[in-house]
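Numbering follows the numbering used here, with no gaps: position 357 of the sequence shown is 361.
Idealized CB from N, CA, C, for every residue including glycine.
Encoded as structure tokens, the structure appears first; notes follow it.
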Amino acid sequence: MRRFLLAAAVALPLLPSPAAAGLDEGLAAFRRSDFGTALTELEPLARQGDAEAQSLLGVMYARGHGVAADQNRAAQLFTTASAKGSLRAIVWLGNFYRDGQGGMMRDEAKAAELFRKAADGGDAAGINNLGNLYLSGRGVPRDIARAADLYRQGAEMGNAASQRMYGLMLYDGVGTGRDRGAAIKLLQPLAEKDDPEVQAKVGMALLDGDGGTRDPAKGAEYLRRAAERGRGEAQFALGKAYLAGNGVSRSAFQAYFWLSLASDHIKPNLKADLDSARATAAAALTPAETTQALDLTRTWKPKGTVVAIQPGEGSAPLPRSGRSAGSGIVVSRDGKVLTNAHVVPACSTLQVTTTEGRNASATVLARDDTNDLALLNTSLQPPDIARFRDGKPIRSGDNVVVVGYPLSTLLSREPNVTAGVVSAMAGIRGDVRHYQITAPVQKGNSGGPLADMSGNIIGVVSAKLDAMKIAGRLGDLPQNVNFAIKSEVARRFLTEKGVKAETASGPDTLSAADVGERIKRVTVYVECAN
Numbered sequence: 005m006r007r008f009l010l011a012a013a014v015a016l017p018l019l020p021s022p023a024a025a026g027l028d029e030g031l032a033a034f035r036r037s038d039f040g041t042a043l044t045e046l047e048p049l050a051r052q053g054d055a056e057a058q059s060l061l062g063v064m065y066a067r068g069h070g071v072a073a074d075q076n077r078a079a080q081l082f083t084t085a086s087a088k089g090s091l092r093a094i095v096w097l098g099n100f101y102r103d104g105q106g107g108m109m110r111d112e113a114k115a116a117e118l119f120r121k122a123a124d125g126g127d128a129a130g131i132n133n134l135g136n137l138y139l140s141g142r143g144v145p146r147d148i149a150r151a152a153d154l155y156r157q158g159a160e161m162g163n164a165a166s167q168r169m170y171g172l173m174l175y176d177g178v179g180t181g182r183d184r185g186a187a188i189k190l191l192q193p194l195a196e197k198d199d200p201e202v203q204a205k206v207g208m209a210l211l212d213g214d215g216g217t218r219d220p221a222k223g224a225e226y227l228r229r230a231a232e233r234g235r236g237e238a239q240f241a242l243g244k245a246y247l248a249g250n251g252v253s254r255s256a257f258q259a260y261f262w263l264s265l266a267s268d269h270i271k272p273n274l275k276a277d278l279d280s281a282r283a284t285a286a287a288a289l290t291p292a293e294t295t296q297a298l299d300l301t302r303t304w305k306p307k308g309t310v311v312a313i314q315p316g317e318g319s320a321p322l323p324r325s326g327r328s329a330g331s332g333i334v335v336s337r338d339g340k341v342l343t344n345a346h347v348v349p350a351c352s353t354l355q356v357t358t359t360e361g362r363n364a365s366a367t368v369l370a371r372d373d374t375n376d377l378a379l380l381n382t383s384l385q386p387p388d389i390a391r392f393r394d395g396k397p398i399r400s401g402d403n404v405v406v407v408g409y410p411l412s413t414l415l416s417r418e419p420n421v422t423a424g425v426v427s428a429m430a431g432i433r434g435d436v437r438h439y440q441i442t443a444p445v446q447k448g449n450s451g452g453p454l455a456d457m458s459g460n461i462i463g464v465v466s467a468k469l470d471a472m473k474i475a476g477r478l479g480d481l482p483q484n485v486n487f488a489i490k491s492e493v494a495r496r497f498l499t500e501k502g503v504k505a506e507t508a509s510g511p512d513t514l515s516a517a518d519v520g521e522r523i524k525r526v527t528v529y530v531e532c533a534n
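The structure is reproduced here in structure tokens:
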């Protein structure tokens, strides 16, 4: 009997306590998105002071999972839990300081301090987020090599975001030695997912064996998936693959089709190579086949609506697809983009492209047709986001800069920077929602940023006066009469849709070129097919 009691005494501590069991149940429910059960299990533990329960509950309040979204409540929970050493809470609190959420003043240096604390504790998310700050130079001096090393650490711990960033840096030799073989090992699992940038790079490497592994068929498959999502370099590589019969059956028609599509997206340094390849493909086609291929490019839509096209198919007239294009502003860390409502009227497919050429599909989350604003959800992982002007108001005569993608089908596909001044504090017929500006604006600038000389957003470009119509009425041709929606209207729209806009102030002392370089990073090309 004595031995039995002793054995029982030893065994009892090994049984899970009710609190531990509740935490395990809550965590399991959280991971399977059963937030009702998670709330039931975690809330009592959080009240009792359990740090992990508090941090998980904070995430639920931050994201609105199972409860009404409440950033301030989330911040309170993260602050309490982080003081007790919860690495999850420390990372989230860092996010809040970085983005100025939950009632916190934006403090990127504090965010870096918290991410570093989490990283020192071995938290992969903290390591990745600290890498993001070093990459963008926010809260810490910009150090690309340091960012690469942090991404390497996160990748080794299985953090998917770090694996992606480190793989891309290894692929191009940015911040670290170029190693295509190691890059492909990291990126190929991600290429199986819906990531056109990764698919394009992996596809090109496998097609040519750049990295030690040559699998032309698999490489062409990845290229096709990226090309069908509108990735320009993948369309270019796929066209050349069809021209050479590399990984696919040789087809001059397919080659000419994909190379023609790529011509709208290709980088200037590759244009001569593309033109040469397209000329070679055209020489193998009849004039009728060339015309048919070009007709198909005009009706093509992203996301795989054109697959395995062959000459002679589709002899009946194909339906014409309407396209609209404009510019947009990245306004949140999770990739939300602000643009004009008229840029995204009724899109069957919607895509945004960054200055660096990264493509991402998009959906319209919300629109305000009265104020001509729309909010897009994208899969972008932006290194930086726009900051709206805070402090001293703009005045008539103040210098401003416009960044956007005007006349993208005619001009180069890169953001244009133009300078001007605020010429009036109201728009047409005294509309106080708008500024009148002199900075040149063309079709395609719509939805893009209007910035002050500190590089902060003061408006969203919306329209230009139709000079020819006005000339017909007044007998005079107006010059540079353009309009932008004031930032307070845009910020109110974002707040109503649950997006907290970042703000900043500073002396208006930068040059137009410096403002342009800063704002380009948060400006995207928006393309809508309907």
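Q | Run of the beta strand (DSSP E) containing E531, from where it starts to where it stops | A | For the purposes of this step, residue 531 is identified with residue 527 of the sequence shown, where counting begins at 1. Its beta strand (DSSP E) spans residues T527 to A533.
Q) Short check: CB of A2 to CB of V206, under 8 Å? A) The structure shown does not extend to residue 2, since the chain is modelled only from 5 to 534, so the question has no answer here.
Q: Pull up the distance between the alpha-carbon of T413 and that of A159, whole angstroms please.
A: To locate residue 413, count along the sequence shown from 1; it is residue 409. To locate residue 159, count along the sequence shown from 1; it is residue 155. Residue confidence is low: T413 scores 41 on pLDDT, short of 50, so the model does not pin down where it sits. No coordinate-derived value is stated.
**Q.** Neighbourhood of A276 by C-beta, 8 Å cutoff - its chain only, sequence neighbours within 5 removed
**A.** As a working mapping, residue 276 is identified with position 272 in the sequence shown. Result list for A276: empty, nothing under 8 Å.
Q.
Here's the rule: buried if 16 or more other CB atoms are within 10 angstroms of the residue's CB, otherwise exposed. What is E500?
A. As a first step, residue 500 must be located in the sequence shown, where it is residue number 496. Classification for E500: exposed.
Q) Less than 8 Å separating the beta-carbons of S458 and T442? A) If you number the sequence shown from 1, residue 458 lands on position 454. If you number the sequence shown from 1, residue 442 lands on position 438. No; because the gap between Cβ atoms is not below 8 Å, this pair is not in contact.
Q: With a 10 Å radius around its C-beta and 16 neighbouring C-beta atoms as the bar for buried, classify P145 as buried or exposed.
A: Start at 1 with the first residue of the sequence shown, and residue 145 comes out as number 141. That one is exposed.
Q. In whole angstroms, what separates the C-alpha of A366 from that of G234?
A. Residue mapping note: residue 366 aligns to position 362 of the sequence shown, counting from 1. Residue mapping note: residue 234 aligns to position 230 of the sequence shown, counting from 1. Taking the straight line joining both Cα atoms gives about 12 Å.
Q: Just tell me which of L174, D373 and S59 has its CA closest to the CA of D183.
A: The residue given as residue 183 occupies position 179 in the sequence shown. The residue with the shortest Cα to Cα distance from D183 is L174.
Q) Whose C-beta lies closer than 6 Å to the C-beta of T84 among residues of the same chain, with five residues either side of it excluded? A) Position 80 of the sequence shown, counted from the start, is the residue given in the question as residue 84. Cβ neighbours of T84 beyond the five flanking positions: Q58.
Q. Do F392 and I489 have their C-beta atoms within less than 8 Å of each other?
A. By one-based count along the sequence shown, residue 392 stands at place 388. By one-based count along the sequence shown, residue 489 stands at place 485. Not in contact: F392 and I489 (Cβ atoms no closer than 8 Å).
Q) The beta strand (DSSP E) with D372 in it runs from where to where? A) In the sequence shown, counting from the first residue as 1, residue 372 sits at position 368. It spans N363 to D372 - the beta strand (DSSP E) in which D372 sits, taken as one unbroken run.
(Q) Taking the beta carbon of R51 as the centre, do at least 16 other beta carbons fall within 10 Å, making it buried, or is it exposed? (A) Taking the first residue of the sequence shown as 1, we reach residue 51 at position 47. Classification of R51: exposed, given that the 10 Å Cβ count is below 16.
Q: Verify whether the separation of the beta carbon atoms of T357 and L380 is less than 8 Å.
A: Along the sequence shown, one-based indexing puts residue 357 at 353. Along the sequence shown, one-based indexing puts residue 380 at 376. The answer is no: Cβ separation not under 8 Å.
Q: In the DSSP assignment, find the beta strand (DSSP E) that holds N273 and state where it starts and stops.
A: For the purposes of this step, residue 273 is taken as the residue at position 269 of the sequence shown. Note, N273: premise wrong, no beta strand (DSSP E); not H, not E.
Q) Candidates A238, A288, L31 and R302: which alpha carbon is nearest R254's? A) Residue 254 sits at position 250 when you count from the first residue of the sequence shown. Here the closest residue by C-alpha is A288.
Q | Straight-line gap, R1 to A350 (C-alpha atoms, nearest Å) | A | Here the chain comprises residues numbered 5 to 534, so residue 1 is not present and cannot be evaluated.
(Q) Output needed for A370: all residues of its chain with C-beta closer than 6 Å, excluding positions within five of it in sequence on either side, in chain order. (A) What you label residue 370 is simply residue 366 of the sequence shown in a count that begins at 1. Excluding sequence neighbours, A370 sits near L379 and K501.
**Q.** Beta-carbon contacts of D214 that lie in its chain and below 8 Å, excluding the five residues immediately before and after
**A.** Within the sequence shown, numbered from 1, the residue matching residue 214 stands at position 210. Once the five neighbours on either side are set aside, the close Cβ partners of D214 are R184 and M208.
**Q.** Residues near L514 by beta carbon distance below 8 Å, same chain, minus five either side
**A.** Residue numbering aside, residue 514 sits at position 510 when the sequence shown is read from its first letter. Cβ neighbours of L514 beyond the five flanking positions: M457, S458, G459 and R522.
Q: Determine the closest residue to M169 out of G143, L384 and F39, with distance taken between C-alpha atoms.
A: As a working note, residue 169 is residue 165 in the sequence shown. Closest option to M169, Cα to Cα, is L384.
Q | D299 versus T422, A505, R229 and Y260, residue with shortest Cα-Cα distance | A | Locating residue 299 in the sequence shown gives position 295, counting from the first residue. Residue Y260 is the option with its Cα nearest to D299.
**Q.** Assigned secondary structure, P48 (DSSP; H/G/I helix, E/B strand, else coil)
**A.** As a first step, residue 48 is located in the sequence shown; it is residue number 44 there, counting from the start. Of the three classes helix, strand and coil, the one that applies to P48 here is helix, per DSSP.
**Q.** Candidates Y101, G53 and F34: closest to V71 by CA position
**A.** If you number the sequence shown from 1, residue 71 lands on position 67. Taking only the C-alpha atoms, the option nearest V71 is F34.
Q. I think Y65 touches A78, with their Cβ atoms under 8 Å apart; what is that distance to the nearest whole Å?
A. Start at 1 with the first residue of the sequence shown, and residue 65 comes out as number 61. Start at 1 with the first residue of the sequence shown, and residue 78 comes out as number 74. Right, their Cβ atoms sit about 4 Å apart.
Q.
Please state the DSSP three-state secondary structure of N76.
A. Taking the first residue of the sequence shown as 1, we reach residue 76 at position 72. In this structure, N76 counts as helix in the three-state DSSP scheme.
Q | Length of the line joining the Cα atoms of N76 and K504 | A | Translated into positions along the sequence shown, residue 76 becomes position 72. Translated into positions along the sequence shown, residue 504 becomes position 500. Distance between the alpha carbons of N76 and K504 is about 12 Å.
Q) Ends of the alpha helix (DSSP H) at T295? A) Numbered from 1 along the sequence shown, position 291 holds the residue referred to as residue 295. DSSP places T295 in the uninterrupted alpha helix (DSSP H) bounded by P291 to T303.
Q: Please name the residue in L190, Q157, N163 and G162 whose C-alpha comes closest to that of L172.
A: Taking the sequence shown and counting its residues from 1, the one referred to as residue 172 is at position 168. Nearest C-alpha to L172: L190.
**Q.** Whole-angstrom distance between L263 and N273, CA atom to CA atom
**A.** Within the sequence shown, residue 273 is the residue found at index 269, counting from 1. Within the sequence shown, residue 263 is the residue found at index 259, counting from 1. Taking the straight line from one Cα to the other gives about 15 Å.
Q.
On a Cα-Cα basis, can you pick out the residue from A292, E531, N250 and I270 that is closest to W304?
A. Taking the first residue of the sequence shown as position 1, residue 304 is located at position 300. That would be E531, whose Cα lies nearest to the Cα of W304.
Q | N- and C-terminal bounds of the beta strand (DSSP E) containing A423 | A | Your numbering for residue 423 matches position 419 in the sequence shown. Here the beta strand (DSSP E) through A423 covers N420 to A428.
Q: Excluding the 5 residues preceding and the 5 following D518 in the sequence, name in chain order all residues of the same chain whose CB lies nearer than 7 Å to its CB.
A: The count along the sequence shown starts at 1 and reaches residue 518 at position 514. Contacts found: none.
Q.
Run through the DSSP bridge pairs and tell me what Q440 is partnered with.
A. On the sequence shown, position 436 is the one that residue 440 refers to. Beta-bridge pairing links Q440 to A428 and F487.
Q) In angstroms, rounded to a whole number, what distance separates the CA positions of E360 and H438? A) Taking the sequence shown and counting its residues from 1, one reaches residue 360 at position 356. Taking the sequence shown and counting its residues from 1, one reaches residue 438 at position 434. Looking at the two C-alpha atoms, the distance is approximately 30 Å.
Q: For the beta strand (DSSP E) holding E506, just list the boundary residues, first then last.
A: If you number the sequence shown from 1, residue 506 lands on position 502. From DSSP, the beta strand (DSSP E) with E506 extends over E506 to A508.
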